[in-house]
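Each remark here refers to the structure printed beneath this line.
Numbering (this note's numbering), first residue to last: 2 to 200.
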């Protein structure tokens, strides 16, 4: 049976992917766990928070989203994101303008967050219809000075600083505007398109 689009089922993640993780290393303080958005490496007196996320469903603001989504994953550990690596996969029809647009978006987003883009990879790929940008963000903390969702307990209060569904709503409003116009008013679409600024 084929897998549906989106994240793979938790059972498959835990029973297949997590059973094939290569060599054990003493630096790994927190490895892969369902529900965690990154890993922690203890090196000397520091903890490196590292996270990887792809942007696969967006086109319009894909570079901006790649930086912000990955930065957010590091920030969930209570650590400031500092560095980013990216893998930019372009469709065969890509041109210089597409490369400039994605690169400029990433540069602007990284500068806004105080992050340095320290490397990566960029290529065109066959059978790809839209660009895909995969980012890996890194944050540095004093050893052990980070938080995880693993410390949550029954009775803890959750604080939502914005709204649920911001990223998905912004992507749909930006990339599917024509389809949405058939059933949703232009004002609502424009408001939803601005949600990307809240990510």
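The C-beta atom is built at its ideal place from N, Cα and C for all residues, glycine as well.
To which residues does DSSP link residue i through a beta bridge?
{"i": "residue 29", "result": "42"}
{"i": "residue 124", "result": "90"}
{"i": "residue 50", "result": "41 and 140"}
{"i": "residue 84", "result": "117 and 139"}
{"i": "residue 56", "result": "134"}
CA-CA distance, residue i and residue j?
{"i": "residue 35", "j": "residue 96", "result": "38 Å"}
{"i": "residue 25", "j": "residue 106", "result": "37 Å"}
{"i": "residue 89", "j": "residue 55", "result": "10 Å"}
{"i": "residue 111", "j": "residue 79", "result": "18 Å"}
{"i": "residue 63", "j": "residue 176", "result": "10 Å"}
{"i": "residue 94", "j": "residue 185", "result": "31 Å"}
{"i": "residue 3", "j": "residue 16", "result": "17 Å"}
{"i": "residue 154", "j": "residue 200", "result": "26 Å"}
{"i": "residue 123", "j": "residue 180", "result": "31 Å"}
{"i": "residue 183", "j": "residue 166", "result": "21 Å"}
{"i": "residue 72", "j": "residue 189", "result": "28 Å"}
{"i": "residue 197", "j": "residue 172", "result": "8 Å"}
{"i": "residue 74", "j": "residue 187", "result": "32 Å"}
{"i": "residue 178", "j": "residue 195", "result": "13 Å"}
{"i": "residue 9", "j": "residue 115", "result": "33 Å"}
{"i": "residue 37", "j": "residue 99", "result": "32 Å"}
{"i": "residue 152", "j": "residue 27", "result": "22 Å"}
{"i": "residue 14", "j": "residue 113", "result": "34 Å"}
{"i": "residue 83", "j": "residue 119", "result": "10 Å"}
{"i": "residue 40", "j": "residue 134", "result": "20 Å"}
{"i": "residue 11", "j": "residue 191", "result": "35 Å"}
{"i": "residue 174", "j": "residue 7", "result": "19 Å"}
{"i": "residue 156", "j": "residue 76", "result": "23 Å"}
{"i": "residue 117", "j": "residue 18", "result": "30 Å"}
{"i": "residue 201", "j": "residue 121", "result": "In the structure as shown, the chain starts at 2 and stops at 200, and residue 201 therefore has no counterpart that could be examined."}
{"i": "residue 158", "j": "residue 29", "result": "29 Å"}
Measuring CB to CB, does residue i end up less than 8 Å from residue j?
{"i": "residue 104", "j": "residue 136", "result": "no"}
{"i": "residue 149", "j": "residue 31", "result": "yes"}
{"i": "residue 61", "j": "residue 140", "result": "no"}
{"i": "residue 168", "j": "residue 70", "result": "yes"}
{"i": "residue 170", "j": "residue 138", "result": "no"}
Can you tell me the Cβ-Cβ gap for residue i and residue j, rounded? I've got them flagged as a contact below 8 Å.
{"i": "residue 102", "j": "residue 65", "result": "Between residue 65 and residue 102 the Cβ distance is about 10 Å, and since that is not below 8 Å, they are no contact."}
{"i": "residue 33", "j": "residue 91", "result": "Not confirmed; about 28 Å, so no contact."}
Is the region 150 to 167 touching the region 116 to 135 in the sense that three or more CB pairs, one from each, lie closer than 8 Å? Taking 8 Å as the limit for Cβ pairs, the verdict is that the region 150 to 167 does not touch the region 116 to 135.
Tell me, please, whether the region 14 to 24 touches the region 42 to 62 by the rule of three or more beta-carbon pairs shorter than 8 Å. Contact fails: fewer than three Cβ-Cβ distances are below 8 Å.
Please determine if the region 31 to 46 and the region 141 to 149 are in contact, where contact requires at least 3 C-beta pairs separated by less than 8 Å. Judged by Cβ distances under 8 Å, the region 31 to 46 makes contact with the region 141 to 149, as three or more pairs qualify.
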